[in-house]
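Colleague: First residue of the sequence shown: 1, per my numbering; consecutive thereafter.
All C-beta atoms, glycine included, are put in the ideal place defined by N, C-alpha and C.
Computed from a prediction, not measured in an experiment: that's the story for all the values here.
Could you have a look at this structure, given as structure tokens, before my questions?
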Amino acid sequence: MFKRRCKITFIAHGATVYSLDGIINNTLKYPKINEIGEEEIEKVCEYLKKRGVAYDKIYTSPNACCVESANIIAKMFKQKPTSIDLKPRNYGNWQGLSATDLIKAHGINFFTETPENGETLKDFNKRISDTIETLIKDNTGNRIIIVTTPDVIQSAIANTLGLTPKNQHKNLIKTGTLTQISYFEGWSSLIYSDYSPL
């Protein structure tokens, strides 16, 4: 049998006023999760509790919505989340615009375009891949949770499935969902993605 290096359960933060309207946001201090987001994370907690699986460590991206979501989950496991530098993509001058407006202005390919003062999708994917690889090395043999943004999860899935930057946005990740990837030596396997607990 294959020897697993690490199993990561990625959890997309709970809904915010921005996520509900598709507003692009890579600021760290705002917004926090709203009432819908709290309900989503409570359902995630119920699901994790029913599964009865122990997690060795809980990590969180530094965004307020991720930290708040991670604190709720970590409290259930009687842990403290560890903040990691796993920020969402920097959209530069597109910050604050809605995905709907960007599709109208640039077409569906806006996902792969590089906004002025922003980060290329290639650089973003490499940054995410490098950070996850470091976490795997630090957690060999462990099961961990990472509470983060949907675009970070899309990047992790794209790396696992070998998706091109042009196609990675087609794997929809909603707020308050779980995605699990098992990492082995030299390869990884997507177990499930975008699971919404009932």
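Would you call the CB atoms of A12 and T175 closer than 8 Å?
Modeller: In this structure, T175 lies closer than 8 Å to A12 by Cβ.
Colleague: Just reading off the beta strand (DSSP E) that Y195 is part of, what are its end residues?
Modeller: Note, Y195: beta strand (DSSP E), W187 to Y195.
Colleague: Assuming contact is defined by CB atoms lying nearer than 8 Å, are K7 and Q180 in contact in what I supplied?
Modeller: Taking 8 Å as the Cβ cut-off, K7 and Q180 qualify as a contacting pair.
Colleague: Look at the Cβ atom of P197, then the Cβ atom of Y47, and state whether they are nearer than 8 Å.
Modeller: Contact: yes.
Colleague: Would you mind working out which of S69, G92, Y91 and N93 sits nearest T82, comparing C-alpha positions?
Modeller: Measuring from the Cα of T82, the nearest candidate turns out to be S69.
Colleague: Kindly indicate which residue of R143, N139 and N125 has the alpha-carbon position closest to the one of L163.
Modeller: Among R143, N139 and N125, the Cα nearest to that of L163 is on N125.
Colleague: Along the beta strand (DSSP E) that carries F184, what are the first and last residues, could you check?
Modeller: First-last of the beta strand (DSSP E) with F184: L178 to F184.
Colleague: K57 lies in the alpha helix (DSSP H); which residues open and close that run?
Modeller: Not the alpha helix (DSSP H): K57 falls in the beta strand (DSSP E), residues K57 to T60.
Colleague: In chain order, what residues of the same chain lie with their CB nearer than 7 Å to the CB of G92, ignoring the 5 residues before and after it?
Modeller: Only P115, E116, N117 and G118 meet the Cβ criterion.
Colleague: Would you mind stating whether T148 and L86 have Cβ atoms separated by less than 8 Å?
Modeller: In this structure, L86 lies closer than 8 Å to T148 by Cβ.
Colleague: Where does the unbroken alpha helix (DSSP H) through F10 begin, and where does it stop?
Modeller: Per DSSP, F10 belongs to no alpha helix (DSSP H); it is in the beta strand (DSSP E), R4 to A12.
Colleague: Please classify G14 as buried or exposed, where buried requires at least 16 neighbouring CB atoms within 10 angstroms.
Modeller: Burial call: buried.
Colleague: Which parts of the stretch 115–178 are runs of the beta strand (DSSP E), unbroken and 3 residues or longer, counting only runs that do not cross its ends?
Modeller: Runs of the beta strand (DSSP E) inside the stretch 115–178: 142–148.
Colleague: With a 10 Å radius around its C-beta and 16 neighbouring C-beta atoms as the bar for buried, classify N63 as buried or exposed.
Modeller: With 16 or more other Cβ atoms within 10 Å, it is buried.
Colleague: Label A74 either buried or exposed according to how many other C-beta atoms from any shown protein chain fall within 10 Å of its C-beta, with 16 as the threshold for buried.
Modeller: Under this definition A74 is a buried residue.
Colleague: Alpha carbon to alpha carbon, what distance is there between H169 and F111?
Modeller: Each residue's Cα considered, the two are about 7 Å apart.
Colleague: Pull up the distance between the alpha-carbon of I23 and that of T100, whole angstroms please.
Modeller: Spanning the two alpha carbons is a distance of roughly 9 Å.
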